[in-house]
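Have a look at the structure below, then the notes.
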Amino acid sequence: MTDDRALRITPPPHRTDISDVANLHVSDHPLILHKLALLRASGTEPKKFRELVRELAMLLTYEATADLPTAAINIETPVAPMLGQEIAERIGLVPILRAGLGMVDAALMMIPYAQVWHIGLYRDHTTLEPIEYYNKLPVQPTTSMCLVLDPMLATGGSAVATIDILKRWGTKRIKFMGLIAAPEGVRHLADAHPDVPIHVAAVDSHLNEHGYIVPGLGDAGDRQFGTA
Ligand code: PRP
Ligand code: URA
Numbered sequence: 010m011t012d013d014r015a016l017r018i019t020p021p022p023h024r025t026d027i028s029d030v031a032n033l034h035v036s037d038h039p040l041i042l043h044k045l046a047l048l049r050a051s052g053t054e055p056k057k058f059r060e061l062v063r064e065l066a067m068l069l070t071y072e073a074t075a076d077l078p079t080a081a082i083n084i085e086t087p088v089a090p091m092l093g094q095e096i097a098e099r100i101g102l103v104p105i106l107r108a109g110l111g112m113v114d115a116a117l118m119m120i121p122y123a124q125v126w127h128i129g130l131y132r133d134h135t136t137l138e139p140i141e142y143y144n145k146l147p148v149q150p151t152t153s154m155c156l157v158l159d160p161m162l163a164t165g166g167s168a169v170a171t172i173d174i175l176k177r178w179g180t181k182r183i184k185f186m187g188l189i190a191a192p193e194g195v196r197h198l199a200d201a202h203p204d205v206p207i208h209v210a211a212v213d214s215h216l217n218e219h220g221y222i223v224p225g226l227g228d229a230g231d232r233q234f235g236t237a
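According to the numbering used here, the sequence shown is numbered sequentially starting from 10.
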């Protein structure tokens, strides 16, 4: 018997090999998996969607900051003096406008002393190239580690452009934190900036012909701000 079932199974289109990307961290925490499914569902309204973006960003911040350096400090408990630990790095949060805004409060809740530097980029609808329209970085870098926040890593153009800007600014240590990535975006970011760890909740199948992540969640900015 000819097994024609094999002929009917087509591989996902545009699959990009990212098996060699050592700096990619995809969370498998059950809370993240649960919240991500709610986030993706098309019936999830903007209010709930924003709550889920916040909650996921908080959980991912916890994971993405696991290697922050700490320094010993003297403290006194009500019972005795002791050595405690404090974070020994000045941290900058860099949300990519618009959709990255939804992740800022959560990251700030976890790192209240962080500075926030906004970068505004949008993707040109035909070329998918990032266009910069806002940049509020001061002349000199004021932080030693920057956490770039954007829910979606699609072609990777926006993340790569933002990290180019941060490196030109003088930031030495940079991490990217997102919710959903396409393999194409992971490949692009890892090739352009192999020193930048990528922390995401999921890597999906591929990009469609419009540059949207499949299955993804649609347009992260529109879904947060009700502008679809
Ligand atoms: C979305 C998203 C990322 C970008 C990802 O922003 O928030 O910034 O697309 O795509 P890329 O990896 O192909 O660059 P968008 O351009 O839709 O702007 P918005 O956040 O203002 O809606
Ligand atoms: N930007 C989004 O908001 N969603 C995608 O799927 C791709 C880019």
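Here a beta-carbon is modelled for each residue, glycine too, at the ideal position from N, C-alpha and C. Treat the numbers as computed from the prediction; the structure is a model and nothing was measured.
First through last residue of the alpha helix (DSSP H) which encompasses PRO39
On the sequence shown, position 30 is the one that residue 39 refers to. Counting along the chain, the unbroken alpha helix (DSSP H) around PRO39 starts and ends at 39-49.
Under 7 Å, CB to any heavy atom of the ligand PRP. Which residues pass, going along the chain?
The answer, residue by residue, is ILE105, LEU106, ARG107, ALA108, GLY109, LEU130, TYR131, ARG132, LEU137, PRO139, ASP159, PRO160, MET161, LEU162, ALA163, THR164, GLY165, GLY166, SER167, ALA168, GLY194, GLY220, ASP228, ALA229, GLY230 and ASP231.
When GLY109, ASN83, ALA115 and PRO78 are compared against ALA97, the one with the closest alpha-carbon
Looking up residue 97 in the sequence shown gives position 88. Nearest option by C-alpha distance: PRO78.
Measuring straight from C-alpha to C-alpha, what distance separates LEU188 and ASP228?
Within the sequence shown, residue 188 is the residue found at index 179, counting from 1. Within the sequence shown, residue 228 is the residue found at index 219, counting from 1. Across the structure, LEU188 and ASP228 are spaced so that their CA atoms are roughly 12 Å apart.
Please give me, in chain order, every unbroken run of the alpha helix (DSSP H) with length at least 4 that falls completely inside the region 120-200.
You should have 166-178.
Anticipated Cβ contact below 8 Å, GLY165 with HIS197, distance rounded
Walking along the sequence shown from the start, residue 165 turns up at place 156. Walking along the sequence shown from the start, residue 197 turns up at place 188. Right, the Cβ-Cβ distance comes to about 3 Å (below 8 Å), so this counts as a contact.
Skipping 5 residues on each side, what residues in its chain have a beta carbon closer than 8 Å to that of ILE172?
Here residue 172 corresponds to residue number 163 of the sequence shown, with the count starting at 1. In chain order, VAL157, ILE183, PHE185, LEU198, ALA201, HIS202 and VAL205 place their CB closer than 8 Å to the CB of ILE172, counting only its own chain and leaving out the 5 sequence neighbours on each side.
Between which two residues does the alpha helix (DSSP H) containing THR79 stretch?
Position 70 of the sequence shown, counted from the start, is the residue given in the question as residue 79. It is not in any alpha helix (DSSP H) - THR79 instead sits in the beta strand (DSSP E) that spans 79-85.
Please classify ILE91 as buried or exposed, where buried requires at least 16 neighbouring CB atoms within 10 angstroms.
For this step, residue 91 is matched to residue 82 along the sequence shown. Checking the sequence, you will find Met at residue 91 rather than Ile. So MET91 counts as exposed.
Three-state secondary structure assigned by DSSP to VAL62:
Start at 1 with the first residue of the sequence shown, and residue 62 comes out as number 53. In the structure shown, VAL62 falls within a helical segment according to DSSP collapsed to helix, strand and coil.
Under 7 Å between C-beta atoms of ILE100 and ILE128
One-based indexing of the sequence shown puts residue 100 at position 91. One-based indexing of the sequence shown puts residue 128 at position 119. No, they are not a contact pair.
Compare the beta carbon distance of ARG63 and ALA115 with 7 Å and say whether it is the shorter of the two.
Numbered from 1 along the sequence shown, position 54 holds the residue referred to as residue 63. Numbered from 1 along the sequence shown, position 106 holds the residue referred to as residue 115. Contact: yes.
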